[in-house]
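Before any comments, here is the structure.
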Amino acid sequence: MSKLNLDNNFCLEILNNDTNNKAVSDIKKLKLSEIRKKGVLLLKINFSFLNKTDYKKILRKLLKIKNIICNKKVEIGIKDGNKTLLGYVLNYNETKKEQNDFLNAVNAIFYNNRYEMYNYIYDNVCDYLDGFFYGKNYCDFKNNKCGEKINTSSNIGCCRHYKNKLLGPLLPNNFTPCEYLKEDHTCSAKCLGCKLFTCDYLRKKGIRFKMKDILLLDVFFNPLQKYYIKVKVFTPKEKILKRLMILY
Ligand code: SF4
Ligand code: SF4
C-alpha cells in the first residue's frame, strides 16, 4: 500500500486488492445522485477496467461533477492525516504513460479554479515536450544551423519572424530574431505553440504533435482554445493563459 501525492494537498492510495469502503464511487460509473447520497466524492480508479478510448469521456464527466458538487454539501475526499485522500487506485503500472497521463488529468481537475488548472496543464505539457526533445538533437543542429534551415541565413532555427508581417516573404532580408530568444539560444517565453510546432524536416522524421494525442490538451480545451494554442507562436505563457480563460 503506497500513496501517490497530488497537488493541492490531495493524495491517492495505491491498493493491491479491491477496497470494501462503501463510500467509493467507481470513476467509470460516476453518478451525481449517488455521490450526493453518499455525501462524499471518493474515487476508485481501477486501470484493469479502464479503456484508454474512454479516458476523455470519464475525465470530462468527473470535471463536470466536481464543479457541481463544489457548490453542494458534498465532501471531496476524506481526511488522511494532513492530506485529503481522493480515492484508491488499482492495477496501476507506473511505467505506462497513458495511466500517468490519466492521473495527471485527475490531478488537474481538483485545482481550486480554472486558471490554476490551465496553468498546471500548460506546465505539464511543456515539461512533456521539453523532455521529448531533451538531449536528442532531432533538429540536427550543427554549427548553429538546423536541418531545415541549412541552406538559409538562419543560425537560430525557426526562432525568427518577418520584420514586416504584411509583406512577409516578398521583402528581401525581412527576418528578425524572436524577441523572446535569449543570448544562450534558450526561450524566455515558454510558448506552448512553439513547442508543439514541427516543421517539414521533423515531420519527415515522424515527429508531429496532435492535440488529440495529448490527453491534457484534448480533455480540457474546446476547439477554439486548441486552435489558439496551436497558432499562437512567438507568444509568452501568461498571454496565452489569459486568452484561454476568455475563450472558455
Ligand atoms: S523545428 Fe525545424 S525549423 Fe525549427 S529548429 Fe527544428 S529543424 Fe529547424
Ligand atoms: S517564443 Fe518561440 S520563436 Fe520565440 S524564442 Fe521562444 S520558442 Fe523561439
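Position 49 (the sequence shown) corresponds to 47 in the working numbering; numbering is contiguous. Ideal Cβ placement from N, Cα and C applies to all residues, glycine included.
Legend entry - Chain-order list of residues whose beta-carbon lies under 7 Å from that of residue 16 (same chain, five-residue window excluded): Stepping through the sequence shown from its first residue, residue 16 is reached at position 18. Contacts found: 88.
Legend entry - Same chain, Cβ closer than 8 Å to residue 238, five either side skipped, listed in chain order: Translated into the one-based positions of the sequence shown, residue 238 becomes position 240. If we look at residue 238 and ignore the five residues flanking it on each side, its Cβ neighbours are 120, 189, 190, 191, 226, 227 and 230.
Legend entry - Per-residue burial, residue 135 [other beta carbons within 10 Å of its own, 16 or more giving buried]: In the sequence shown, residue 135 corresponds to position 137, counting from 1. It counts as exposed.
Legend entry - For residue 11, the three-state DSSP class (helix, strand or coil): As a working note, residue 11 is residue 13 in the sequence shown. Strand.
Inset, instruction - Confirm the yes/no value for this check: CB of residue 199, any heavy atom of ligand 1, distance under 7 Å. - result: Numbered from 1 along the sequence shown, position 201 holds the residue referred to as residue 199. Flag set: Cβ of residue 199 near ligand 1.
Inset, instruction - Buried or exposed for residue 233, please, with buried defined as at least 16 other CB atoms from any protein chain shown within 10 angstroms of its CB. - result: For the purposes of this step, residue 233 is taken as residue 235 along the sequence shown, with counting starting at 1. So residue 233 counts as buried.
Inset, instruction - Have a look at residue 22 and residue 195 and give me their C-alpha separation to the nearest angstrom. - result: As a first step, residue 22 must be located in the sequence shown, where it is residue number 24. As a first step, residue 195 must be located in the sequence shown, where it is residue number 197. Residue 22 and residue 195: Cα-Cα distance of roughly 42 Å.
Legend entry - Check: residue 178 C-beta below 7 Å from any heavy atom of ligand 2: As a first step, residue 178 is located in the sequence shown; it is residue number 180 there, counting from the start. Indeed, a heavy atom of ligand 2 lies less than 7 Å from the Cβ.
Legend entry - Helix, strand or coil at residue 212 [DSSP, three-state]: Residue mapping note: residue 212 aligns to position 214 of the sequence shown, counting from 1. Looking at residue 212 - three-state DSSP - the assignment turns out to be coil, as it is neither helix nor strand.
Inset, instruction - Below 6 Å CB to CB, which residues in the same chain sit around residue 167 once its five sequence neighbours on both sides are set aside? - result: Within the sequence shown, residue 167 is the residue found at index 169, counting from 1. Result list for residue 167: empty, nothing under 6 Å.
Inset, instruction - Indicate whether residue 53 and residue 108 have their beta-carbon atoms separated by less than 8 Å. - result: Numbered from 1 along the sequence shown, position 55 holds the residue referred to as residue 53. Numbered from 1 along the sequence shown, position 110 holds the residue referred to as residue 108. Not closer than 8 Å, so no.
Inset, instruction - Can you check DSSP and say which residues form a bridge with residue 40? - result: Here residue 40 refers to the residue found at position 42 when the sequence shown is read from its first residue. Answer by DSSP bridge pairing, in chain order: 22.
Inset, instruction - Measure the alpha-carbon distance for residue 48 versus residue 74 and round it to whole angstroms. - result: The residue you call residue 48 lines up with position 50 of the sequence shown. The residue you call residue 74 lines up with position 76 of the sequence shown. Straight-line Cα distance between these residues: approximately 22 Å.
Legend entry - Per DSSP, cross-strand counterpart(s) of residue 175: On the sequence shown, position 177 is the one that residue 175 refers to. Paired residues: 158.
Inset, instruction - May I ask whether a heavy atom of ligand 2 can be found less than 7 Å away from the beta carbon of residue 38? - result: As a first step, residue 38 is located in the sequence shown; it is residue number 40 there, counting from the start. Answer for residue 38: no, Cβ out of range of ligand 2.
Legend entry - Local conformation of residue 77 per DSSP, three classes: Sequence index remark: in the sequence shown, residue 77 carries index 79 (1-based). Here residue 77 sits in strand by DSSP.
Inset, instruction - Keeping to the same chain, check which residues put their C-beta closer than 8 Å to that of residue 63; ignore five residues upstream and five downstream. - result: Taking the first residue of the sequence shown as position 1, residue 63 is located at position 65. 28, 30, 33 and 39, listed in sequence order.
Legend entry - Cβ-based burial, residue 105 [other Cβ within 10 Å; buried from 16]: On the sequence shown, position 107 is the one that residue 105 refers to. Residue 105 is buried by the Cβ-count criterion.
Inset, instruction - Flag residue 231 as yes when its Cβ comes closer than 7 Å to any non-hydrogen atom of ligand 2, and as no otherwise. - result: Residue mapping note: residue 231 aligns to position 233 of the sequence shown, counting from 1. Indeed, a heavy atom of ligand 2 lies less than 7 Å from the Cβ.
Legend entry - Beta-bridge partners of residue 185, as assigned by DSSP: Numbered from its first residue, the sequence shown carries residue 185 at position 187. DSSP, once it has assigned bridges, lists 179 as partnering residue 185.
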